[in-house]
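Report on the following structure.
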Amino acid sequence: MPFEAPQLAATPPSQYDELPPTLERALFRRFWTSLVIVSSVIFAVGSGLSAFASQLIASVIDERVRVANGRIDNLVRPYQIRYSENES
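For the sequence shown, the numbering used here gives the first residue as 15, with consecutive numbering after it.
See the structure below:
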């Protein structure tokens with residue numbers, strides 16, 4: 015069986031041939047579907063990171079408030095002892 019060269023069309027196809035309508039609709043749907051999926055994933059990851067960051071900040075603030083309250087107690091305690099001794 016000898017090699018046969020492909021038959022070339024009389025007019026070369028245009029670089030911008032139109033897509034069949036069904037293929038165009040399918041590509042359009044696939045594009046928007048993938049865009050929605052990627053957007054949802056980015057939103058979910060961003061929300062998770064935001065929640066993690068807010069919990070981290072809250073724990074740091076809570077620890078600082080606890081330390082500050084301890085320091086205030088250490089400063090006020092001698093005066094509370096003196097005041098309670100004077101009352102009795």
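Cβ atoms here follow ideal geometry from the backbone N, Cα and C, with glycine treated the same way.
When the Cα atoms are used, ILE86 and ALA72 turn out to be separated by approximately 21 Å.
For TRP46, same chain residues with a beta-carbon under 6 Å away, outside a window of 5 residues either side, do not exist. The alpha-carbon of ARG39 is positioned some 33 Å away from that of SER61. The segment 30-88 contains no complete alpha helix (DSSP H) run of 4 or more residues.
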